[in-house]
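Numbering (mature numbering (1 follows the signal peptide of the UniProt record, and there is no 0)), first residue to last: -19 to -1, 1 to 84.
Structure record follows, encoded as structure tokens.
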């Protein structure tokens, strides 16, 4: 009887652990979807529409860099595709005043 009780406690404990893991996975998936939707909110704009403060920030912090494309969201944040003189490229997200935004 004692062995049966101990076995049932272990079985119940392991089922609870699996349920908690599933909830954690669902939370991570929800957070990932929220970030993807936020990033998808950017729409492409002409380079001429990028504020001077943004282009000045790129020229100051990344001398010789070229802005290849610009995207803007509803919060007036700009996602810039930038390539450097050494051939590397990357993306920057800045506000309309040229302040970098951590993502």
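Glycine is no exception: its CB is placed at the ideal position from the N, C-alpha and C atoms.
Between the beta-carbon of residue i and the beta-carbon of residue j, is there less than 8 Å?
i: residue 23; j: residue 54; result: yes
i: residue 83; j: residue 57; result: no
On the DSSP letters alone, give me the boundaries of the alpha helix (DSSP H) that residue i sits inside.
i: residue 54; result: Counting along the chain, residue 54 falls outside any alpha helix (DSSP H), and DSSP gives it neither H nor E.
When the Cα atoms are used, what is the spatial distance from residue i to residue j?
i: residue 37; j: residue 62; result: 15 Å
i: residue 65; j: residue 47; result: 6 Å
i: residue 102; j: residue 26; result: Residue 102 is absent from the model: the chain starts at -19 and stops at 84.
i: residue 69; j: residue 45; result: 12 Å
i: residue 35; j: residue 75; result: 7 Å
i: residue 42; j: residue 81; result: 11 Å
i: residue 71; j: residue 59; result: 14 Å
i: residue 28; j: residue 67; result: 22 Å
For the beta strand (DSSP E) that contains residue i, what are its first and last residues?
i: residue 75; result: 70 to 76
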